[in-house]
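Everything below concerns the one structure shown next.
In UniProt numbering, the protein residues as written are 1 to 476.
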């Protein structure tokens, strides 16, 4: 029956993604796809552009770019291959949730509940589905790492357990190389190793195999990135040091929109049922200590901390708690089965309600799509380029133009170019774009001193058209 539940949940997850295959890409999706498709040795971290994400994420988007045609429409930039990649991540995650639950769940009800919960949360628009982001693409690697860790800690030491331990390390490192704060497997593994002292034979060798698997994947990815012109020093700054700098900028300068998104994220955690499952599941596990209880609680604690420390509070952050919630539900004792079943049922009902609404009422073409359409229709020279101030890579992608400015996201601008000196150099240089697109009347935004760049824009560009709060400026 549990296998039937896994199959049914996988089919439902697949079906949930189908209506969204041709929905326009979000800013993150479009930006990652652009970076992946042009990544070769260049003047920035990833070819011509810079982003604070690890290389494996871009390779996954490169694969997505090969899964189907992509192009601009009146609604925005459409790339069904990206959505197919998201659907595959969801389906594989559901299957792995079933494997994990089969290993750790004390009851059949717990196994089924864990699978159903994974399908519900990975199919919910309240966790940003159908947006494909690092959190979603890291989930299968996390669950694979947990499966290998749990299985690798059982039985006598041998080739099988060594391979499982190495596989756990490889999967855990792969998750980190998709989204750098997804340290779930390492947190779970560290606590599991501590509670297994004196209980698991040859524990040191298993830990060594885990480390070997992680190191091998890290070395392979760094070597592959180096062949594309991306250095270790550049990656260290982007995926580690930058995050601390970004947190300082956000704390010092963030607008009220950041706090509003934080409130919306908290509300979404309740509306999806994730917060309810977390409270019920954690209470159940705390009251019934098993060998996996402390590792599971440590991991879900890390996932919640990672959301809070993320700083920007986008909805897709919620996807990061899926592995921890699945594990809590799976290992919960039988006596908590009814309470958890009600919580999971609520999550399913919430997903079905919001999903139905999103399918029945697709959003109208956005102002960003209108800007892109204008740029496509009024650009005829191969040297035409566009800079968007700031972020919104979907505008650049759908315009069909290139951006000579290396930052397609707003946070790197605030941290690495707060006085817009690099942007001013681009606008005044030989690769100056024909078009500059600004939101709200100019380049000024929180965390940025735009005075010099704004004055240059006013002197050398003229406003041609506006859509909602967006203005399109053309070089004089």
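C-beta atoms are modelled at their ideal positions from N, C-alpha and C, and glycine is treated no differently.
Using DSSP bridges, identify the partner residues of residue i.
i: residue 142; result: Its beta-bridge partners do not exist; DSSP assigns none.
i: residue 72; result: 77
i: residue 435; result: 386 and 474
i: residue 196; result: BP columns for residue 196 are empty, so no partner.
i: residue 39; result: Answer is none; residue 39 lacks a bridge partner.
How big is the Cα-Cα spacing for residue i and residue j?
i: residue 273; j: residue 346; result: 6 Å
i: residue 157; j: residue 3; result: 29 Å
i: residue 406; j: residue 249; result: 20 Å
i: residue 35; j: residue 393; result: 10 Å
i: residue 453; j: residue 397; result: 24 Å
i: residue 56; j: residue 206; result: 26 Å
i: residue 229; j: residue 330; result: 44 Å
i: residue 213; j: residue 159; result: 14 Å
i: residue 302; j: residue 282; result: 14 Å
i: residue 86; j: residue 476; result: 43 Å
i: residue 349; j: residue 82; result: 27 Å
i: residue 14; j: residue 320; result: 20 Å
i: residue 133; j: residue 33; result: 11 Å
i: residue 7; j: residue 464; result: 54 Å
i: residue 204; j: residue 399; result: 55 Å
i: residue 336; j: residue 163; result: 35 Å
i: residue 243; j: residue 411; result: 10 Å
i: residue 372; j: residue 76; result: 7 Å
i: residue 241; j: residue 186; result: 20 Å
i: residue 226; j: residue 385; result: 28 Å
i: residue 334; j: residue 439; result: 54 Å
i: residue 196; j: residue 291; result: 8 Å
i: residue 263; j: residue 304; result: 15 Å
i: residue 430; j: residue 446; result: 29 Å
i: residue 408; j: residue 332; result: 44 Å
i: residue 194; j: residue 223; result: 33 Å
i: residue 24; j: residue 79; result: 7 Å
i: residue 31; j: residue 37; result: 10 Å
i: residue 342; j: residue 356; result: 21 Å
i: residue 462; j: residue 40; result: 34 Å
i: residue 258; j: residue 459; result: 32 Å
i: residue 45; j: residue 232; result: 10 Å
i: residue 168; j: residue 448; result: 43 Å
i: residue 456; j: residue 432; result: 12 Å
i: residue 70; j: residue 29; result: 12 Å
Our contact map puts residue i next to residue j with C-beta atoms below 8 Å; I'd like the distance itself, whole angstroms only.
i: residue 417; j: residue 239; result: Contact doesn't hold; Cβ gap of about 19 Å is too wide.
i: residue 190; j: residue 182; result: Wrong, their Cβ atoms sit about 15 Å apart, outside the cutoff.
i: residue 145; j: residue 166; result: The Cβ separation is near 11 Å, so there is no contact.
i: residue 246; j: residue 311; result: 7 Å
i: residue 359; j: residue 437; result: That pair is no contact at about 31 Å.
i: residue 119; j: residue 94; result: 5 Å
i: residue 96; j: residue 147; result: 6 Å
i: residue 298; j: residue 126; result: Contact flag wrong, Cβ pair sits at about 26 Å.
i: residue 375; j: residue 401; result: 6 Å
i: residue 420; j: residue 450; result: 6 Å
i: residue 300; j: residue 318; result: Wrong, their Cβ atoms sit about 13 Å apart, outside the cutoff.
i: residue 122; j: residue 90; result: 4 Å
i: residue 116; j: residue 9; result: 6 Å
Going by alpha carbons, who is nearest to residue i out of the options?
i: residue 443; options: 464, 431 and 473; result: 473
i: residue 74; options: 367, 439 and 383; result: 367
i: residue 149; options: 104, 276, 377 and 66; result: 104
i: residue 178; options: 60, 28 and 334; result: 60
i: residue 441; options: 435, 427 and 466; result: 466
i: residue 326; options: 92, 91, 78 and 111; result: 111
i: residue 21; options: 217, 129 and 364; result: 129
i: residue 339; options: 316, 277, 270 and 377; result: 277
i: residue 513; options: 64, 271 and 69; result: Within the shown structure, residues of the chain are numbered from 1 to 476, placing residue 513 beyond reach of any answer.
i: residue 308; options: 269, 287, 294 and 293; result: 269
i: residue 414; options: 253, 323, 261 and 218; result: 253
i: residue 315; options: 58, 68 and 135; result: 135
i: residue 422; options: 50, 293 and 72; result: 50
Under DSSP, the beta strand (DSSP E) around residue i begins and ends at which residues?
i: residue 466; result: 461-467
i: residue 475; result: 470-475
Between which two residues does the alpha helix (DSSP H) carrying residue i extend?
i: residue 323; result: 322-331
i: residue 359; result: 337-360
i: residue 303; result: 293-310
i: residue 17; result: 2-17
i: residue 368; result: 367-377
i: residue 61; result: 55-65
i: residue 244; result: 242-253
i: residue 217; result: 203-227
i: residue 174; result: 159-176
i: residue 269; result: 256-271
i: residue 110; result: 108-122
i: residue 236; result: 232-236
At a cut-off of 7 Å, is residue i close to the ligand GTP when judged by its beta-carbon and the heavy atoms of the ligand?
i: residue 311; result: Of ligands this structure carries none, so the ligand GTP is not represented either.
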